[in-house]
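Novice: Chains A and B, in that order, are what the protein sequence lines are. Position 116 (the first sequence) corresponds to 116 in full-length UniProt numbering; numbering is contiguous. Position 58 (the second sequence) corresponds to 58 in full-length UniProt numbering; numbering is contiguous. The C-beta atom is built at its ideal place from N, Cα and C for all residues, glycine as well. Just so you know, these numbers come straight off a predicted model, no measurement behind them.
Protein chains: 2
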Amino acid sequence: MEEKLMYLCMEQLGKDKVSRGESELYRHSRDESSHPFREPDFVFFPENTDDVVKVLLLANEHGIAVTPFGAGSGLEGQSIPMKKGISLNFDRMNNVVEFAPEDLMITVEPGMTRLQLNDFVNRHGLYFPIDPGADASIGGMVATNASGTTAVRYGSMRDQVLDLEVVLANGDVIHTGSKAKKSSSGYHLNGIFTGSEGTLGVITKVTVKLHGIPEKVLAARCTFPTPGECAEAAHVVLASGIQLMRMELVDAESIKQVNEYGNYSFPEAHSLFFEFAGSPNIVEEEASVVEELMHELGCQNWERANSSKERSDLWKARHELAYAYKHIKGKVSSGSDVCVPISKLAEMVVFGRELVEECGLIGGVFGHVGDGNFHTLIMYDPTNQLEYEKTEEINGKLALKAIALGGTCTGEHGVGLGKMKYQVAEHGKAVEWMKSMKVLFDPKGILNPEKMFY
Amino acid sequence: MEEKLMYLCMEQLGKDKVSRGESELYRHSRDESSHPFREPDFVFFPENTDDVVKVLLLANEHGIAVTPFGAGSGLEGQSIPMKKGISLNFDRMNNVVEFAPEDLMITVEPGMTRLQLNDFVNRHGLYFPIDPGADASIGGMVATNASGTTAVRYGSMRDQVLDLEVVLANGDVIHTGSKAKKSSSGYHLNGIFTGSEGTLGVITKVTVKLHGIPEKVLAARCTFPTPGECAEAAHVVLASGIQLMRMELVDAESIKQVNEYGNYSFPEAHSLFFEFAGSPNIVEEEASVVEELMHELGCQNWERANSSKERSDLWKARHELAYAYKHIKGKVSSGSDVCVPISKLAEMVVFGRELVEECGLIGGVFGHVGDGNFHTLIMYDPTNQLEYEKTEEINGKLALKAIALGGTCTGEHGVGLGKMKYQVAEHGKAVEWMKSMKVLFDPKGILNPEKMFY
Chain A
1 MEEKLMYLCM
11 EQLGKDKVSR
21 GESELYRHSR
31 DESSHPFREP
41 DFVFFPENTD
51 DVVKVLLLAN
61 EHGIAVTPFG
71 AGSGLEGQSI
81 PMKKGISLNF
91 DRMNNVVEFA
101 PEDLMITVEP
111 GMTRLQLNDF
121 VNRHGLYFPI
131 DPGADASIGG
141 MVATNASGTT
151 AVRYGSMRDQ
161 VLDLEVVLAN
171 GDVIHTGSKA
181 KKSSSGYHLN
191 GIFTGSEGTL
201 GVITKVTVKL
211 HGIPEKVLAA
221 RCTFPTPGEC
231 AEAAHVVLAS
241 GIQLMRMELV
251 DAESIKQVNE
261 YGNYSFPEAH
271 SLFFEFAGSP
281 NIVEEEASVV
291 EELMHELGCQ
301 NWERANSSKE
311 RSDLWKARHE
321 LAYAYKHIKG
331 KVSSGSDVCV
341 PISKLAEMVV
351 FGRELVEECG
361 LIGGVFGHVG
371 DGNFHTLIMY
381 DPTNQLEYEK
391 TEEINGKLAL
401 KAIALGGTCT
411 GEHGVGLGKM
421 KYQVAEHGKA
431 VEWMKSMKVL
441 FDPKGILNPE
451 KMFY
Chain B
1 MEEKLMYLCM
11 EQLGKDKVSR
21 GESELYRHSR
31 DESSHPFREP
41 DFVFFPENTD
51 DVVKVLLLAN
61 EHGIAVTPFG
71 AGSGLEGQSI
81 PMKKGISLNF
91 DRMNNVVEFA
101 PEDLMITVEP
111 GMTRLQLNDF
121 VNRHGLYFPI
131 DPGADASIGG
141 MVATNASGTT
151 AVRYGSMRDQ
161 VLDLEVVLAN
171 GDVIHTGSKA
181 KKSSSGYHLN
191 GIFTGSEGTL
201 GVITKVTVKL
211 HGIPEKVLAA
221 RCTFPTPGEC
231 AEAAHVVLAS
241 GIQLMRMELV
251 DAESIKQVNE
261 YGNYSFPEAH
271 SLFFEFAGSP
281 NIVEEEASVV
291 EELMHELGCQ
301 NWERANSSKE
311 RSDLWKARHE
321 LAYAYKHIKG
331 KVSSGSDVCV
341 PISKLAEMVV
351 FGRELVEECG
361 LIGGVFGHVG
371 DGNFHTLIMY
381 DPTNQLEYEK
391 TEEINGKLAL
401 KAIALGGTCT
411 GEHGVGLGKM
421 KYQVAEHGKA
431 VEWMKSMKVL
441 FDPKGILNPE
451 KMFY
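Written out as structure tokens, the structure reads:
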């Protein structure tokens, strides 16, 4: 059947849009997580919305799975084609559709990456601030409701999305919002399609807000004796009402990995990294207030990155963190992504650090403490079942504790394969209603099957 | 049947929770709009979630309509019980459930009003910023995705809601979010229940973000020769990236009404009202920058409200605007609520002002120009069919033009009865999917029937 469908696609859409070359099947079998790989039957490269409509109509008719694939930088296996079938690759749909600088707004195709988007708008004094670290595709970022280091200021993708064009399983093309900055019209489809991980429809256009590039950016960092004190300090900064651009916690072990991997020489202690951005006077004042607060709390090693080189090094180091761990040979990483109310952060961070230490594997605690979201990252030997089980146990303990504290099992990576098992614990009876919504939009279950819910 | 249900409710829930007294039926037959009144069969006053569950189970079993009623301050008839049945009044569910100042978060019952909420949190240095003018109930504000003068800074209710407890038509009690500041877990139910106007479920608890009370607040106003120039000036301020607290346009006719009604003596010209809020130095700097920008654009009558009395007068006048028009005897008001991309605002405002002038009735143009949302308000004689038709024609022209420009027919009042006819123009095929979602959650159509969609 898959074979037949492939030939139908080739016939109706053109041979050059379909591939089952070995290297393509390999590339589309995985993402940056360590979830088990699975190859699609073939890869389809749509060039416009109409191509997507045609493929979905065929796939829906024949009951073949369709799994969208952006940049492959996901961390929860969202783009792995669990039921094989078609991998829908958006490399060729990476154009600007409409740019409206006067409205601080742009519409792009989903295959455009975050850096491509910024390259395009930066020269107009604008930027798109959501920054998950990787050069993810905009479509993938919408699908997982990605965020990252700037969420403390700009929220998640959901806060930036004004409108989506989505192709549904039956071929319907709908818009989920409008170009107005706010609306009370109809049900908020933007909200449910953002973060739906390709399970409700396939995103073919994305309209997002843009922001003015801040006139001045200033970075700083300091250290504390324990990760708990770092989290407490982060809480104090937030309560002060200062509008940070970024505030990150990186524990001593992670600093050590970054120093080794990247040839940096940061003090190997539990650290807070700050970024302030805005007009020069305001930024200076904010940095001074935070410096004073940190000293009152007993911080060590307060240091401002004065040059733009120093600043970029500082944040480059933070972004390289996950990769820094990956230089450890023979190991793969397993990560958690919990997010809790800010007042519970210190407790969670201490708990996370203790779990990592107890398990005897190398790992770190770091994350976007400005919004209560942080990660543990533990390196394990994928051929060693015991090590794998240890990491899974830790991830489970973290997820369930976060949920018990009123938080979530995933702040920004999404559910994919790794967080399915915590959905009922987190959402209770609402999960049944989410599954009913899935059935409503995709009655044959062709859209990214075996993801999000059991 | 309704009679039988009322006795069942009395029996199962207590006599004192049910009323069909004349004055109660009258009060629950209307809101602040001029949509036709309709009385419910009886009014039910739940005291907790369990009461709501029991009533919905009974109503669903017997197919009786249930229409939630908050403060009755809606502007689109959302709380009018079109199919009679039960009006669900939340006066007795107005308590604080959980207050977490350290997390800038509070959970309240839906009957608590905006001012009650602020009374409670203000003494802790916190406030809830969404301000639709009226002292609406929090539940009603969630249901309509309300916003108002502070949306330019804080967005709409949807941006402030972290979690809702909702009772569904079948009696299921679900939570739509969590207490984490961000989440990528599950479908974003917060988004669809906020703004669903009681058509998908009944809100029984609301968790919202709180914010620190700004240290300093500064107000100012200026005038321009035309409403178009006001809108252009608003656009320039927004593009400057300055974080305003409020920015409102009030046209000359509306200033005249406010002066007459409230004994003010504002210059009777097309005006922009500003509010800046934050730490004192920053606020001073922001006001100076805007003052300079306005003078460059040729504004007249720039004036700062220096004392807190002056400032409160200025904003009191703005809030009294809709009521100011209502002192015109024998007339009722008809309003539009469009929201467009910022660059289209000047065009829309000029268009709106022209329509008002052409129609020969008294009316004004004013609104939250910081987010592209503005209102026309036209006074007509409800016994004069021709006048009524004129206002409807104007509302229709405004809605359709806003939609054609990429905007929405309702920025903050909601759909209710008045904007149903523009849903297909705005949302196209997506309306069918919204209706399917309605059927999914409320298969018997008991929840606020005959609203939002035909």
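Under the three-state reduction of DSSP, which class applies to SER334(B): helix, strand or coil?
Specialist: strand
Novice: So, under 8 Å CB-CB, HIS235(B) and LEU104(B) are touching, yes? Tell me the CB distance rounded to an integer number of Å.
Specialist: With a Cβ gap of about 32 Å, HIS235(B) and LEU104(B) do not count as contacting.
Novice: May I ask you to report which of helix, strand or coil DSSP gives ASP163(A)?
Specialist: Of the three classes helix, strand and coil, the one that applies to ASP163(A) here is strand, per DSSP.
Novice: Run down chain B in chain order and give the residues with a C-beta less than 8 Å from the C-beta of PRO81(A).
Specialist: None at all; the shortest Cβ gap to chain B is about 21 Å.
Novice: Between GLU292(B) and GLU229(B), what straight-line distance do the alpha-carbon atoms span, to the nearest angstrom?
Specialist: Straight-line spacing of the CA atoms in GLU292(B) and GLU229(B) works out to 16 Å.
Novice: Name the two residues that bound the continuous alpha helix (DSSP H) containing LYS83(A).
Specialist: Counting along the chain, LYS83(A) falls outside any alpha helix (DSSP H), and DSSP gives it neither H nor E.
Novice: Which residues of the segment 362 to 385 of chain A have a Cβ closer than 7 Å to any Cβ of chain B? Give them in chain order.
Specialist: ASP371, GLY372 and ASN373
Novice: Where residue 489(B) and GLY201(B) are concerned, what is the direct C-alpha to C-alpha distance, given to the nearest angstrom?
Specialist: Lying before the first or after the last residue shown, residue 489(B) is absent from chain B, which here runs from 1 to 454.
Novice: For a test of the three-state rule: what should DSSP assign to THR427(B), helix, strand or coil?
Specialist: Checking the sequence, you will find His at residue 427(B) rather than Thr. HIS427(B): helix per DSSP, three-state reduction.
Novice: Alpha helix (DSSP H) containing ASN60(B): first to last residue?
Specialist: 49 to 62
Novice: Would you verify that the beta carbon of SER147(B) is, or is not, closer than 8 Å to some beta carbon of chain A?
Specialist: For SER147(B), the answer is yes, since a Cβ of chain A falls inside 8 Å of its Cβ.
Novice: Given that a residue counts as buried once 16 or more other Cβ atoms are within 10 Å of its Cβ, and exposed if not, what is SER343(B)?
Specialist: buried
Novice: Assign GLU286(B) to buried or exposed, taking buried as 16 or more other Cβ atoms, counted over all protein chains shown, within 10 Å of its Cβ.
Specialist: buried
Novice: Hey, does GLN116(B) have any beta-carbon neighbour from chain A nearer than 8 Å?
Specialist: no
Novice: Taking the continuous beta strand (DSSP E) assigned at HIS270(B), which residues delimit it?
Specialist: 270 to 278
Novice: Between TYR127(B) and chain A, is any beta-carbon pair separated by less than 8 Å?
Specialist: No, TYR127(B) lies away from the interface with chain A (no Cβ there is under 8 Å from its Cβ).
Novice: Relative to chain E, which residues along the segment 168 to 181 of chain B have a C-beta separation below 8 Å, given in chain order?
Specialist: Among the chains of the structure shown, chain E does not appear; the protein chains present are A and B.
Novice: Give me, in chain order, the residues of the same chain whose beta-carbon lies closer than 7 Å to that of GLN160(B); leave out the 5 immediate sequence neighbours on both sides.
Specialist: ILE130, TYR154, VAL208 and LYS209
Novice: Considering PRO68(B), what are the terminal residues of the beta strand (DSSP E) in which it resides?
Specialist: 66 to 69
Novice: Since ILE86(B) and ALA71(B) should fall inside the 8 Å C-beta cutoff, what is the C-beta to C-beta distance between them, to a whole number of angstroms?
Specialist: In fact, because the Cβ distance is near 18 Å, the residues do not count as touching under 8 Å.
Novice: Can you list, in chain order, the residues of its chain whose CB lies under 7 Å from that of SER34(B), leaving out five sequence neighbours each side?
Specialist: VAL332, SER333, SER334 and PRO382
Novice: Could you give the uninterrupted runs of the alpha helix (DSSP H) lying entirely in the segment 1 to 25 of chain A, keeping only those of 4 residues or more?
Specialist: 2 to 13
Novice: Would you mind telling me which residues of chain A sit closer than 9 Å to ASN281(B), beta carbon to beta carbon, in chain order?
Specialist: Think of a sphere of 9 Å around the beta carbon of ASN281(B): the chain A residues whose beta carbon falls inside it are ASN281, ILE282 and GLU285, in chain order.
Novice: Does the beta carbon of ARG246(A) come closer than 8 Å to any beta carbon on chain B?
Specialist: By this cut-off, ARG246(A) is not an interface position.
Novice: Scan the segment 211 to 292 of chain A and note each continuous beta strand (DSSP E) run of 3 residues or more that stays entirely inside, going in chain order.
Specialist: Every beta strand (DSSP E) of 3 residues or more that sits fully in the segment 211 to 292 of chain A is shown, in chain order, as 216 to 224, 246 to 250 and 270 to 278.
Novice: Should the segment 236 to 252 of chain A be called in touch with the segment 110 to 122 of chain A, which here means at least 3 C-beta pairs below 8 Å?
Specialist: Result no; under three Cβ-Cβ pairs closer than 8 Å.
Novice: Just to confirm the assignment, what range does the alpha helix (DSSP H) spanning MET348(B) have?
Specialist: 345 to 359
Novice: Taking DSSP's pairing of strands, which residues face ILE203(B) in a bridge?
Specialist: Partner(s): VAL166(B).
Novice: What do you reckon, are the CB atoms on ILE242(B) and VAL166(B) nearer than 8 Å?
Specialist: Not a contact, by the Cβ cut-off of 8 Å.
Novice: Return no unless some Cβ of chain A is closer than 8 Å to the Cβ of LEU218(B).
Specialist: no
Novice: Evaluate PHE193(A) with the Cβ neighbour count: other Cβ atoms within 10 Å of its Cβ, from every protein chain shown; 16 or more gives buried, anything less gives exposed.
Specialist: buried
Novice: Quick one: which chain A residues come within Cβ less than 8 Å of THR144(B)?
Specialist: SER184
Novice: DSSP state of GLN78(B), grouped into three classes?
Specialist: Of the three classes helix, strand and coil, the one that applies to GLN78(B) here is coil, per DSSP.
Novice: Between GLU260(B) and ASN89(B), what straight-line distance do the alpha-carbon atoms span, to the nearest angstrom?
Specialist: 36 Å
Novice: Say whether chain B places a C-beta atom closer than 8 Å to the C-beta of CYS230(A).
Specialist: no
Novice: Residues in the same chain with beta-carbon distance under 7 Å from GLY191(B), minus the five sequence neighbours each way, listed in chain order, please.
Specialist: ARG158
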